[in-house]
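Here's the structure we're looking at; comments come further down.
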């Protein structure tokens, strides 16, 4: 398999992956509404956890054989789908996750011959393992959120608004910003502006 570490299990201290080829847990769920109805629902933020498979794995598996990746495909009445994943960031960062999903999409579309296999040795050559000695405590992978300071909100951008952001974001260095780059840049700009406001958190 191309991404064989994702089919393994983490060691007890979560410092390494045993490539056991046990597979990644994969679930298919059905949503009793259309995708458009879900996206238009004022309660969609509260419904999002139903599309993320963090509830679908046995608790003892999460403790004794921590899985690096769990996937759930939710099928809507209209035929649309939502793909949710629970992945450990120490195993897949944003770039690696993008590569994984692009590869999955290419294979599903019958374009497996176009896939560039991932290179799991490149990072080791740039960032060799460091021996911290036995006194170093193991890294805690799952840390509960304390204080109830989490908040989730959804913001919608119309196609016209995204086009306007793309036009505004053009520069000599980035003459054709993508939709993702334009929206991400807009959000980041305003997050940074809010961060310097006295009393903001």
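In the working numbering, the protein residues as written are 1145 to 1345.
For glycine and all other residues, C-beta sits at the position ideal for the given N, C-alpha and C.
As the structure is a computational prediction, the values presented were derived from the model and not from experiment.
- When the five nearest sequence neighbours on each side are left out, the beta carbons in the same chain lying within less than 7 Å of the beta carbon of residue 1176 are those of 1221, in order along the chain.
- Per the coordinates, the alpha-carbon of residue 1156 lies some 32 Å from the alpha-carbon of residue 1260.
- In the structure shown, the three-state DSSP call for residue 1255 is coil.
- Per the C-alpha coordinates, the member of 1232, 1197 and 1224 positioned closest to residue 1215 is 1197.
- Here residue 1186 is exposed, its C-beta having fewer than 16 other C-beta atoms within 10 Å.
- For residue 1152, no beta strand (DSSP E) segment is defined, and its DSSP state is neither H nor E.
- Each residue's CA atom was taken as its position, placing residue 1181 and residue 1238 some 29 Å apart.
- A distance of 8 Å or more separates the beta carbons of residue 1212 and residue 1243.
- Look at the beta carbons and you see the region 1221 to 1234 not touching the region 1315 to 1331: under three pairs across the two are nearer than 8 Å.
- Residue pairing by DSSP places residue 1191 opposite no residue, since no beta bridge is assigned to it.
- Annotation: the continuous alpha helix (DSSP H) that includes residue 1335 extends over 1323 to 1339.
- Annotated three-state conformation of residue 1179 is helix, per DSSP.
- By the Cβ neighbour-count rule, residue 1299 is exposed, with fewer than 16 other Cβ atoms within 10 Å of its own.
- Here residue 1271 is exposed. Its C-beta has fewer than 16 other C-beta atoms within 10 Å.
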